[in-house]
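Asks:
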Amino acid sequence: MGEHGYDVVIIGGGVAGLTASIYLAGKGFRTALVSRGDPACCLSTGCIDVLGAHEDPMKGIDRLPRNHPYRIAGRRTVIDALEAFLGLMEERGLPYRGSLGRNTGILTPIGTTKTTCLVPITMEASSGFTTTHIHVVSFKGLRDFYPSYITSRLANTSVSVFDAGTSSTLGLATKFDEPSFVDDFCAWLSGLELPPGKIAVPAVLGLKDPKAVLQRIRASTGREIFEIPTLPPSVPGIRLFRALKDAFLARGGHLYWGNAVASVETRSGQVEAITMAGPCRPSRAHARAFILATGSFVGGGLFAQRGSVRETVFDLDVKVPGPRRDWFLNDFFSPGHPVEASGIEVDSSFRPLGCGLKNLFACGSILAHGEIMRHRCGHGLAIATGSAAARACERLLS
Amino acid sequence: MIIIGGGATGCGIARDLALRGVPHYLVERGDFASGATGACHGLLHSGARYAVRDKEAARECITENAILKTIAKKCVEVTGGLFVRLPGDSKRYRDEFLKSCEATGIETVILSPSKALELVPSLNPAIEEAVRVPDCSIDPFRLCLLNATTSRRLGGNILTHHEVVEIIREKGRCVGIRARERLTGEIKEIRGRIVVNASGAWGDRVARMAGSRVPMALSKGSLVITNHRLTNVVINRLRPPSDGDIIVPNEAVCLAGTTSIPVDSPDNLEIDPSEVDTVTTQAEQMVPAFGTTRLIRAYTGVRPLLKASGTEADGRSISRGFQIIDHKNGMISILGGKLTTYRLMAEKTVDVVMDVLGFKVPCRTAELPLEGQDELSGYPLSKRLSKLDDIVCECELVSRSDVQRAVNAMATPYVGDIQHRTRLGMGPCQGGFCTYRALGIMQEMGRVDPDVSLSILKEFLQRRFKGIRPALWGDQLREEQLIESIYMGILAMGQGHG
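Protein chains in written order, with this note's numbering: chain A, 24 to 421; chain B, 7 to 504.
1) First and last residue of the alpha helix (DSSP H) that includes proline 375 (chain B)?
2) First and last residue of the alpha helix (DSSP H) that includes lysine 75 (chain B)?
3) Count the other C-beta atoms from every protein chain shown that fall within 10 angstroms of the C-beta of leucine 345 (chain B), then say buried if there are 16 or more, exposed otherwise.
4) For glycine 401 (chain A), return the contacting residues in chain B, with the cut-off set at a CB-CB distance below 9 Å.
5) Thinking just about the alpha-carbon of each residue, which of A:Gly116, A:Leu383, A:Gln328, A:Thr154 is nearest to the one in threonine 145 (chain A)?
6) Can you pull the chain B residues whose beta carbon is under 8 Å from the beta carbon of proline 256 (chain A), in chain order?
7) So is aspartate 338 (chain A) in contact with chain B if we call contact Cβ pairs under 8 Å?
8) Between arginine 125 (chain A) and chain B, is there a C-beta pair that is closer than 8 Å?
9) Any beta carbon of chain A sitting closer than 8 Å to that of leucine 229 (chain B)?
10) Quick one: Cα of glycine 316 (chain B) to Cα of proline 131 (chain B), how far?
11) Could you confirm whether any beta carbon from chain A is found closer than 8 Å to the beta carbon of glutamine 425 (chain B)?
12) Under a Cβ-count criterion, where at least 16 other Cβ atoms within 10 Å of its own Cβ denotes burial, should glutamine 436 (chain B) be classed as buried or exposed?
13) When DSSP labels each residue in this structure, what does tryptophan 350 (chain A) get in the three-state scheme?
14) If you count every other CB in all the chains shown that lies within 10 Å of the CB of methionine 451 (chain B), and 16 or more means buried, which is it?
15) Identify whether cysteine 81 (chain B) lies in helix, strand or coil by the three-state DSSP scheme.
16) Which first and last residues belong to the alpha helix (DSSP H) in which glutamate 124 (chain B) is found?
17) Among B:Lys194, B:Cys180, B:Cys150, which has the Cα closest to the Cα of glutamate 169 (chain B)?
18) What residues in its chain sit with their C-beta under 7 Å from that of valine 205 (chain A), if we drop five residues either side in the sequence?
19) Quick check: the segment 364-378 of chain B against the segment 387-400 of chain B, are there 3 or more CB pairs under 8 Å?
20) My understanding is that cysteine 140 (chain A) touches glycine 403 (chain A), with C-beta atoms under 8 Å, so please give their C-beta distance in whole angstroms.
21) To the nearest angstrom, how far is it from the Cα of leucine 87 (chain A) to the Cα of tyrosine 93 (chain A)?
22) Per DSSP, what kind of secondary structure is lysine 194 (chain B) in: helix, strand or coil?
23) Answer yes or no: do leucine 315 (chain A) and isoleucine 261 (chain A) have a C-beta to C-beta separation smaller than 8 Å?
24) What alpha helix (DSSP H) runs, 4 residues minimum, are completely inside the segment 212-255 of chain A?
25) How big is the Cα-Cα spacing for glycine 27 (chain B) and aspartate 357 (chain B)?
26) Excluding sequence positions up to five away, which residues of its chain have a Cβ less than 7 Å from the Cβ of valine 362 (chain A)?
27) Could you confirm whether any beta carbon from chain A is found closer than 8 Å to the beta carbon of phenylalanine 296 (chain B)?
28) Pull up the DSSP beta-bridge partners for histidine 158 (chain A), would you.
29) When we look at the beta-carbon of threonine 298 (chain B) and count the other beta-carbons within 10 Å, is it buried (16 or more) or exposed?
30) Which stretch, first to last residue, makes up the alpha helix (DSSP H) that contains threonine 355 (chain B)?
31) Does leucine 383 (chain A) get closer than 8 Å to chain B when you measure Cβ to Cβ?
32) Could you give the distance in angstroms between the alpha-carbon of glutamate 108 (chain B) and the alpha-carbon of aspartate 60 (chain B)?
33) With a cut-off of 8 Å on the beta carbons, I'd call proline 29 (chain B) and glycine 161 (chain B) a contact; round off their distance for me.
34) With C-beta atoms as the reference, is histidine 230 (chain A) less than 8 Å away from threonine 197 (chain A)?
35) Within the same chain, show all residues whose beta-carbon is closer than 7 Å to that of valine 369 (chain A), passing over the 5 residues directly before and after it, in chain order.
36) Can you name, in chain order, every residue of its own chain whose Cβ lies under 6 Å from the Cβ of proline 118 (chain A), other than the five neighbours on each side?
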């Protein structure tokens, strides 16, 4: 078995785990990140929902219940973390736009408005989509995008369809990574007689350098263009994940990809080491501190049994909102079902309560009382608590 | 002739009338099999379950079992069935069971635990013995479709998605109905000499429209569906009929149930999470892996049982026999019974109708195989894998062209009709991904008005959640959280839209 030593090991490669990893690697700590595979972030829109339920997310934070992870982190930390995220994304060539003091609305594939806070530059022009003509460009055979959902809801719209010979969003994104394909697409667009207004496309404008694709189309058509997020797998979600992962590697972090934690070793109130099982031989990593960022149910950090909820790595106590019959409300469209308050409760340093492990921290959607669907605070909560847990961990390590 | 109800009985009556040359209409408020027919186990009973308590019902079952195996080959999977006796189950009941099976002509073979485990390796190894009987698995939806095929070919008119809103009476006699198309609200008036009430649990409601009543004792039964097949043989518990004592393999899944809870109305049924626990716990005793297997959803239906006069009998002790009531006002009601005896129920009903009409044509439904079985291709994997690029339902491998073909063949605006006929949305995600796509394709084809597509999607998601919610834990809960994040997070459907 391989044996490795680090200052800190982060378990879980989603937005929270990556945020914490990037912070600590950037501070010069020997940092390792262990992940079972691509995170749930790849299924998301890539937008950073900070607090969709309030018009001004920053003001809204103080109105959340005291046990909400944002309140534990504190407003100052949340702002610092999100500003650091904006700087980081600029550095990685995938700039995000938006104001922390005001939410924005972007167009969805069914013509509704999604409230969010920070959006990738490819969706910047989506804001205020109702005030201008929108020309929707779709792709022949694309199985997850049907423009009629949009055109039936929005009066000022038109549609044309491009045949790219593939029916999946990822297949299309790969094509947009080729400059010659982008040229063909631009030539086709220029041949259409488009009315004045903006162009909207499903989010497929390349995985590598969507900013360049955007600029190329803008230059050739003279029109603003924006992406509409699609159903999973989502190209903007994958871009966000890859940008964070690359940022971590650029800071000298070590990645264990495709590795599950098989066992944990604890002694006198400390986590000493974990053993990882992956595609290659198992290895053991010991460290001075550990951060748990394995996500909620979708990410696999929590697993629901018929009558209880289990934390999957350390078997920590999980706060659950009552018996199973109370986990879900009757109305599917309820703004958040009670079960999503499940998770790990932490102290003011983001250390899990009740386990007595002094060098273990937790962040992201595994935290109790986050209620992400209800407050619409998905990636914002991951970034803020990832950063807060990393800072607490930094204090311990220094 | 006007038949109200498109379950197995109504469709069976339509076929029987067609074969005897009687022109008819069938009116159904949903799709075929949308009541008790579609909400049962899909078990073609051998009759063994009823042998001890209701010999007449048991005899009917074993006779019809043999007939359906012959005439409906493509709907029946000849699985065989086992009655398993677990430690603590009464040996005296077992003796009585064997005696009753013999008396009613149901063939039994006693298997030792090791023989039974050889046949069904997933069985609880603690079983004391098993009795093999000729139970089978049957597809109720296909059965309805095929019965309707004959009716249509011979000139019968079948109107699904039409709800009867009025029974027209003249001088106290039923002379027709008015039915409303569900989507458009358009009212159709149909005239006929006799109205057959084959509306199952809605029997009393329909009878009232004709100024009559039928005594019914409605009893709700809930079942669960597993993500895969745990047994290739029907498994029953060898004890007096009770909750959760039957597991039936069907296509790629297993169905287990039921509960039995009295209800006042056949509409707006809710499934309580405790019912799912009851069924799962019971099924787990016979097949231990049931407790750790992913459940994809629960469903519930109402048994259209007849109220036994003067007694406060519970749902299970009421006879599974059926009764035909001539209301002497132009309406004939067919009540009670079960899926296995649908053909016999249809035959007896049509016999009464023929008497009233004064015709004499014998019934031929037991001899002639159901029409259209050759066209049922089933769902061969090779066919589905050949066009992977075009798949819109990943769980059941349904392609865009399959959807387009079904939409064209039926000219239907109902996405549910497409789901029932292609299996789209029947897998683990329960339509969470593909219904949005199917509706998109139907919009492209001009079959669904884009303006209403979002409300159709919303309604579908609510209905879907009703079945999923009571059985949510494990991987199904995990997937449901993802589905929720798609509709609420990506599509923003919870933000006051739609």
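Cβ atoms here follow ideal geometry from the backbone N, Cα and C, with glycine treated the same way.
Replies: Reading off the structure:
1) Sequence index remark: in the second sequence, residue 375 (chain B) carries index 369 (1-based). Segment: none, proline 375 (chain B) is in no alpha helix (DSSP H) and carries neither H nor E.
2) Translated into positions along the second sequence, residue 75 (chain B) becomes position 69. Where lysine 75 (chain B) is concerned, the enclosing alpha helix (DSSP H) stretches over 61-77.
3) Along the second sequence, read from residue 1 onward, the residue named residue 345 (chain B) stands at position 339. So leucine 345 (chain B) ends up on the buried side.
4) Translated into the one-based positions of the first sequence, residue 401 (chain A) becomes position 378. For a Cβ distance threshold of 9 Å, residue set Ser491, Gly495 of chain B lies close to glycine 401 (chain A), ordered along the chain.
5) Stepping through the first sequence from its first residue, residue 145 (chain A) is reached at position 122. Residue A:Gly116 is the option with its Cα nearest to threonine 145 (chain A).
6) If you number the first sequence from 1, residue 256 (chain A) lands on position 233. Residues of chain B passing the Cβ test: none, with the nearest at roughly 11 Å.
7) Start at 1 with the first residue of the first sequence, and residue 338 (chain A) comes out as number 315. Not an interface residue.
8) Mapped onto the first sequence, residue 125 (chain A) falls at position 102. It does not; no Cβ of chain B falls within 8 Å.
9) Here residue 229 (chain B) refers to the residue found at position 223 of the second sequence. Leucine 229 (chain B) does not count as touching chain A.
10) Translated into the one-based positions of the second sequence, residue 316 (chain B) becomes position 310. Translated into the one-based positions of the second sequence, residue 131 (chain B) becomes position 125. Per-residue confidence for glycine 316 (chain B) stands at a pLDDT of 46, beneath the threshold of 50, marking its modelled position as unreliable; no derived number is given.
11) The residue given as residue 425 (chain B) occupies position 419 in the second sequence. No, no contact with chain A.
12) As a first step, residue 436 (chain B) is located in the second sequence; it is residue number 430 there, counting from the start. Buried, because 16 or more other Cβ atoms sit within 10 Å of the Cβ of glutamine 436 (chain B).
13) By one-based count along the first sequence, residue 350 (chain A) stands at place 327. It is coil, neither helix nor strand.
14) On the second sequence, residue 451 (chain B) is found 445 positions in, with the first residue counted as 1. It counts as exposed.
15) Along the second sequence, one-based indexing puts residue 81 (chain B) at 75. Three-state result, cysteine 81 (chain B): coil.
16) Taking the second sequence and counting its residues from 1, the one referred to as residue 124 (chain B) is at position 118. Bounds of the alpha helix (DSSP H) holding glutamate 124 (chain B) are 119-125.
17) Here residue 169 (chain B) is taken as the residue at index 163 of the second sequence, counted from 1. For glutamate 169 (chain B), the nearest C-alpha among the options comes from B:Lys194.
18) For the purposes of this step, residue 205 (chain A) is taken as the residue at position 182 of the first sequence. Answer for valine 205 (chain A): Phe199, Val236, Arg239, listed in chain order.
19) no
20) Within the first sequence, numbered from 1, the residue matching residue 140 (chain A) stands at position 117. Within the first sequence, numbered from 1, the residue matching residue 403 (chain A) stands at position 380. With a Cβ gap of about 7 Å, cysteine 140 (chain A) and glycine 403 (chain A) count as contacting.
21) Taking the first residue of the first sequence as 1, we reach residue 87 (chain A) at position 64. Taking the first residue of the first sequence as 1, we reach residue 93 (chain A) at position 70. Each residue's Cα considered, the two are about 8 Å apart.
22) Here the question's residue 194 (chain B) lines up with position 188 in the second sequence. In this structure, lysine 194 (chain B) counts as strand in the three-state DSSP scheme.
23) In the first sequence, residue 315 (chain A) corresponds to position 292, counting from 1. In the first sequence, residue 261 (chain A) corresponds to position 238, counting from 1. No, the Cβ-Cβ distance between leucine 315 (chain A) and isoleucine 261 (chain A) is not below 8 Å.
24) As far as the segment 212-255 of chain A is concerned, its whole alpha helix (DSSP H) runs of at least 4 residues are 233-244.
25) On the second sequence, position 21 is the one that residue 27 (chain B) refers to. On the second sequence, position 351 is the one that residue 357 (chain B) refers to. Computed Cα separation, rounded: 13 Å.
26) Position 339 of the first sequence holds residue 362 (chain A). If we look at valine 362 (chain A) and ignore the five residues flanking it on each side, its Cβ neighbours are Pro344, Trp350, Phe351.
27) As a working note, residue 296 (chain B) is residue 290 in the second sequence. No, phenylalanine 296 (chain B) lies away from the interface with chain A (no Cβ there is under 8 Å from its Cβ).
28) Start at 1 with the first residue of the first sequence, and residue 158 (chain A) comes out as number 135. A:Ser181, A:Ile222, per the DSSP bridge assignment.
29) Stepping through the second sequence from its first residue, residue 298 (chain B) is reached at position 292. Its Cβ having fewer than 16 others within 10 Å, threonine 298 (chain B) is exposed.
30) Against the second sequence, residue 355 (chain B) aligns to sequence position 349. Note, threonine 355 (chain B): alpha helix (DSSP H), 348-363.
31) Counting from one through the first sequence, the residue named residue 383 (chain A) turns up at place 360. Chain B, which has no Cβ nearer than 8 Å to the Cβ of leucine 383 (chain A), makes this no.
32) Here residue 108 (chain B) is taken as the residue at index 102 of the second sequence, counted from 1. Here residue 60 (chain B) is taken as the residue at index 54 of the second sequence, counted from 1. Annotation: glutamate 108 (chain B) to aspartate 60 (chain B) spans about 14 Å, alpha carbon to alpha carbon.
33) Counting from 1 along the second sequence, the entry for residue 29 (chain B) is found at position 23. Counting from 1 along the second sequence, the entry for residue 161 (chain B) is found at position 155. Proline 29 (chain B) to glycine 161 (chain B), Cβ: 6 Å. Contact.
34) Stepping through the first sequence from its first residue, residue 230 (chain A) is reached at position 207. Stepping through the first sequence from its first residue, residue 197 (chain A) is reached at position 174. Note that residue 230 (chain A) is leucine in the sequence shown here, rather than histidine. Yes, they are a contact pair.
35) Position 346 of the first sequence, counting from 1, holds the residue named residue 369 (chain A). For valine 369 (chain A), where only same-chain residues beyond five positions count, the Cβ hits under 7 Å are Ile95, Pro375, Leu376, Ala385, Leu390.
36) By 1-based counting over the first sequence, the position of residue 118 (chain A) is 95. If we look at proline 118 (chain A) and ignore the five residues flanking it on each side, its Cβ neighbours are Met112, Ile144.
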